[in-house]
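K.L.:
If you count by the working numbering, then the sequence shown holds residues 231 to 422, one letter each, in order.
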Amino acid sequence: MSRSKEFDVNEVLDKAMILFWDQGYEKTSMSDLVTHMGIHRRSLYDTFGDKHSLFLQAITRYMDKVKANLTSEIKPSKTATEALYSLFQFMISDKEDLPSGCLVVNSVTELAARDAEVNAKSIESFEGIEDMFEQIILWGQQDGEFTSKQNAKELAKYLHTVSIGIRVMGRSSVDKAQLSHTIDVSINLLKS
Numbered sequence: 231m232s233r234s235k236e237f238d239v240n241e242v243l244d245k246a247m248i249l250f251w252d253q254g255y256e257k258t259s260m261s262d263l264v265t266h267m268g269i270h271r272r273s274l275y276d277t278f279g280d281k282h283s284l285f286l287q288a289i290t291r292y293m294d295k296v297k298a299n300l301t302s303e304i305k306p307s308k309t310a311t312e313a314l315y316s317l318f319q320f321m322i323s324d325k326e327d328l329p330s331g332c333l334v335v336n337s338v339t340e341l342a343a344r345d346a347e348v349n350a351k352s353i354e355s356f357e358g359i360e361d362m363f364e365q366i367i368l369w370g371q372q373d374g375e376f377t378s379k380q381n382a383k384e385l386a387k388y389l390h391t392v393s394i395g396i397r398v399m400g401r402s403s404v405d406k407a408q409l410s411h412t413i414d415v416s417i418n419l420l421k422s
């Protein structure tokens, strides 16, 4: 007879996600994970597999949470411009209990060149964010807020690239006012 789990899988996965986000994949040891997640090593292996499998599950969990949070941030927006500001502000805001930057972007810079599965996860995440940007830009073009001289998909790729730079810089001590200024410039370029 198998025993039931004595922990909430999503709760401990969130703990692993935050640890990977804060320390990176390479720096995080199995001992760190066991301690931080508060479960036995055997339970970790039985539930999540090895460290790499756990890492991929943590990235998926992160992507799902970010998508839900971004959707809820932009949903109340009355204009496309407001939606873009909400999306960007979410990306640069500091959450006291969370590491800075972005787990996906951090993982790309650390591992994507040599880890096909991490690279695939990052591409999936990037495509989702670009699609979100594209839908907002199309909205803005239809309402006359943004230029229609440029293709919405191309503008979305541009804004996504800006957002990656902002998330990387967000991990440093760069002043948030500088990041906000970059956001202003980027959104204003859409109105030309």
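Note that CB positions come from ideal geometry on N, CA and C, so glycine has one too.
Predicted, not measured: the structure shown is a model, and the values here were computed from it.
With distances taken Cα to Cα, identify the nearest neighbour of Asp-361 among Leu-389, Glu-340, Lys-351.
P.N.:
On the sequence shown, residue 361 is found 131 positions in, with the first residue counted as 1. Closest by alpha carbon: Leu-389.
K.L.:
When the distance is taken between beta carbons, is Ala-382 closer than 7 Å to Glu-357?
P.N.:
Walking along the sequence shown from the start, residue 357 turns up at place 127. Walking along the sequence shown from the start, residue 382 turns up at place 152. No. Outside cutoff.
K.L.:
Per the contact definition of three or more C-beta pairs closer than 8 Å, is the stretch 268–278 in contact with the stretch 307–316?
P.N.:
no
K.L.:
Counting only the same chain and skipping the five closest in sequence on each side, list residues whose C-beta sits under 8 Å from that of Arg-271.
P.N.:
If you number the sequence shown from 1, residue 271 lands on position 41. If we look at Arg-271 and ignore the five residues flanking it on each side, its Cβ neighbours are Met-260, Val-264.
K.L.:
Is the beta carbon of Ala-288 closer than 7 Å to that of Phe-250?
P.N.:
In the sequence shown, residue 250 corresponds to position 20, counting from 1. In the sequence shown, residue 288 corresponds to position 58, counting from 1. Against a cut-off of 7 Å, the Cβ pair of Ala-288 and Phe-250 comes out as a contact.
K.L.:
Once DSSP output is grouped into helix, strand and coil, what is the label at His-429?
P.N.:
Because residue 429 is not part of the residues shown, which for the chain are 231 to 422, the question remains open.
K.L.:
Sorted by chain position, which residues of the same chain lie with C-beta nearer than 7 Å to Lys-406's C-beta, five sequence neighbours on each side aside?
P.N.:
Taking the sequence shown and counting its residues from 1, one reaches residue 406 at position 176. So the qualifying residues of the chain are Ile-322.
K.L.:
Would you call the stretch 296–306 and the stretch 406–421 in contact, with 3 or more CB pairs under 8 Å?
P.N.:
In the pairwise beta carbon analysis, the stretch 296–306 is classified as not touching the stretch 406–421: fewer than three pairs are separated by under 8 Å.
K.L.:
Going by DSSP in three states, Ser-378 sits in which element: helix, strand or coil?
P.N.:
Translated into the one-based positions of the sequence shown, residue 378 becomes position 148. Ser-378: coil per DSSP, three-state reduction.
K.L.:
Drop a sphere of 10 angstroms on the beta-carbon of Ser-403, count the other beta-carbons inside from all chains shown, and report buried for 16 or more, exposed for fewer.
P.N.:
Here residue 403 is taken as the residue at index 173 of the sequence shown, counted from 1. Classification for Ser-403: exposed.
K.L.:
Does the beta-carbon of Thr-258 have 16 or more other beta-carbons within 10 angstroms, so that it is buried, or is it exposed?
P.N.:
As a working note, residue 258 is residue 28 in the sequence shown. Thr-258 is buried by the Cβ-count criterion.
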